[in-house]
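Some notes on the structure that comes next.
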Amino acid sequence: MLRAARLIAAKDILLTAKRGSALVQVILLGFLLVVLFSLSLGSTAKADPVAAAAVFWLASAFCLTILSTALFSLEETHKARLGLLLAPIPAQAVWLGKSMAALCLLLLVQAALLLASAIFLGRHWTGHIPIALAGLVLVDLGVVGLASLLASLARGQAVRESLCSLVVFPLLLPQFLAGVRMLAAAYGAEGPPPTDWLGFAAAFDAIFTAAALVLFPVIYGGDA
Amino acid sequence: MPVLALAGGLAMAVAQWLVFSHAPIEAQMKLTQKIFYLHLPLAWWALISFTVVFAASIAYLRTKNPRWEILADSAAEIGVVFAALVLATGVIWSKAAWWRWWVWEHRLTTTLIMWFIYSAYLVLRGLDMPKERRAAIKAVLGIVAFLDVPLVFFATRLWESNHPVGILSAKDGLEPEMRLTIFACLAALGLFWGGLLLCRCRVARLEERLAAFGEGKGDY
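Listed in order, the protein sequences are those of chains X and S. Residue numbering for the first sequence follows my numbering, beginning at 311 and increasing consecutively. Residue numbering for the second sequence follows my numbering, beginning at 930 and increasing consecutively.
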């Protein structure tokens, strides 16, 4: 299963990078959101650490929605999805591969967003860096897993991005709260180290990874 | 089914009598506190509705019996309506008690997120796809949404809270008359909820039979 997942992830990353438009759109959208929020602060003000972290994760959420729906639409042309379903691999390998591809692409986008946050919001990492790094990875693992599970249900629908957003955003709120708290601590927010949130993020990852492994075959292969 | 709804209606009338004649007026919030006797039962039965959605979704995925889908759909509808009423009563109470229309405390926030999630569940009913696939997707969302609810609760509790503690706590400060009244309101709304759910399921089954007649598949 892991080998199949790696192959699917590599295929998706290669196709997304070659076509370029989805990744460029997503990075531009993320930049735009950070810039718009920074405009609201005025010309000299530095963003509050929690607000800066919230802007980062909000931009990440929008970018993730577009990335996830784009990854699942790769197989819609020429009915290539049937090829994946007929391959002698478990359906969960498709979910794992899509999640791995989404994680790589999201981390790339988030690197750009961190740069944008430093430039436009005046915020860069000053403390609790190990917790923030671990938090970033744990939160990303949870959000890409759940987004990959649910993006597959919107495939083929005319308004899949808005449908995906409507379904995914409320479900991801707990994980985003964890991400905001941990990033805010790195940006210098006052308060104790956010170690509780690390455990919370890990619990979210565990619960929804288990749910996705059980439920993904129902969504992905249901009407083959 | 009408018997249950009727019994629920009568029970709610008795409960209202208890609220305004038996339960004392709270010292700090005066008459505004009476909204608690509606707010809390609505919250409990909304959560129970979503629990029914979860259980029925699992049952549908295991058996593919459309009756479970109908039960999940009906419970989701009622849950969304009850959650909306919880939010409306919560907003009114919040303004009276804390002088703000909205506060980000964990119970109200959890209810708001649940309302969003299960509203999205209802939106899925309008998707253009084969019936069985749509039912399977709704079942998956019904399961995932329920798994998310405790996570939302704990996340927002970690974030911040100034909501009153639960009524089963020894520190809730409820007089015995208030406690009796709230449990009576819970039971009354529960009867009404049960009747509403059964009626809604029956309507949905009749709609399916009508649709089947229209397609020439029904039995006369």
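From the three backbone atoms N, C-alpha and C, an ideal C-beta is built for every residue, glycine too. Here the structure is a predicted model, which means the values were calculated and not measured.
### Query
Start and end of the alpha helix (DSSP H) containing residue 1035/S?
1035-1052
### Cα-Cα separation between residue 366/X and residue 344/X, rounded to whole angstroms
7 Å
#### Entry: Three or more C-beta pairs below 8 Å linking the stretch 1072-1084 of chain S and the stretch 484-491 of chain X
yes
#### Entry: Contact list for residue 528/X against chain S, beta-carbon separation under 7 Å
990, 1065, 1069
### Task
Would you be able to state if there are at least three C-beta pairs under 8 Å between the stretch 990-1000 of chain S and the stretch 1121-1138 of chain S?
yes
### Query
Can you give the Cα-Cα distance for residue 1026/S and residue 958/S, rounded to whole angstroms?
7 Å
### Task
Give the single residue among 453/X, 396/X, 337/X whose Cα lies nearest to the Cα of residue 406/X.
453/X
### Task
Check whether the Cβ of residue 525/X lies closer than 9 Å to any Cβ atom in chain S.
Yes, its Cβ sits closer than 9 Å to a Cβ of chain S.
### Message
Taking the alpha-carbon of residue 433/X as reference, which of 425/X, 439/X, 440/X has the nearest alpha-carbon?
### Response
Closest by alpha carbon: 425/X.
### Query
Below 9 Å between beta carbons: does that hold for residue 518/X and residue 1127/S?
Here residue 518/X is not near residue 1127/S, since their CB atoms are 9 Å or more apart.
### Query
CA-CA distance, residue 1007/S and residue 480/X?
19 Å
### Query
What three-state label does DSSP hand residue 334/X in the structure shown?
It is helical.
#### Entry: Beta-carbon proximity of residue 422/X to residue 337/X, cut-off 9 Å
Cβ atoms of residue 422/X and residue 337/X: closer than 9 Å.
### Message
For residue 536/X, would you say it is in contact with chain S, using Cβ-to-Cβ distances shorter than 9 Å as the test?
### Response
This structure gives no information on residue 536/X, because the portion of chain X shown stretches from 311 to 534.
### Query
Using a Cβ-Cβ distance under 9 Å, would residue 949/S count as near chain X?
no
### Message
Considering only the alpha carbon of each residue, which of 1143/S, 944/S, 949/S, 1064/S lies closest to residue 993/S?
### Response
The shortest C-alpha to C-alpha distance from residue 993/S to any of 1143/S, 944/S, 949/S, 1064/S is the one to 1064/S.
### Contact with chain S by residue 491/X, beta-carbon distance below 9 Å
yes
### DSSP three-state assignment for residue 356/X, whether helix, strand or coil
coil
### Query
So residue 1129/S is in the alpha helix (DSSP H); what residue range does that whole segment cover?
1105-1143
### Message
Quick check: the Cα distance between residue 995/S and residue 328/X, rounded to an integer number of angstroms?
### Response
44 Å
### Message
Taking only three categories from DSSP, how would you classify residue 321/X?
### Response
In this structure, residue 321/X counts as helix in the three-state DSSP scheme.
### Query
Is the stretch 503-515 of chain X close to the stretch 374-382 of chain X, with three or more CB pairs under 8 Å?
No, the stretch 503-515 of chain X does not touch the stretch 374-382 of chain X.
### Query
Roughly how many whole angstroms lie between the Cα atoms of residue 1097/S and residue 335/X?
Reliability of the predicted coordinates at residue 1097/S is poor, the pLDDT of 45 falling under 50, and no value is obtained from them.
### Task
Kindly list, in the order they appear in chain S, the residues whose Cβ is closer than 9 Å to that of residue 510/X.
1080, 1083, 1084, 1087
### Query
Given residue 439/X, which residues of its chain have a CB within under 8 Å of its CB, disregarding the five upstream and five downstream residues?
496
#### Entry: Spatial neighbours of residue 1016/S in its chain, beta-carbon cut-off 8 Å, leaving aside the 5 residues before and after
1037, 1040, 1041, 1044
### Query
What residues from the stretch 1007-1038 of chain S come within 8 Å of chain X, judged by C-beta to C-beta, listed N to C?
If you check each beta-carbon in the stretch 1007-1038 of chain S against every beta-carbon of chain X, none falls closer than 8 Å.
### Query
Taking C-beta to C-beta, are residue 401/X and residue 531/X nearer than 9 Å?
Residue 531/X sits close to residue 401/X, with the two beta carbons spaced by under 9 Å.
#### Entry: Inter-residue spacing [alpha-carbon to alpha-carbon] between residue 332/X and residue 322/X
Each residue's Cα considered, the two are about 12 Å apart.
### Query
What in chain X is Cβ-close to residue 1045/S, meaning under 7 Å?
480
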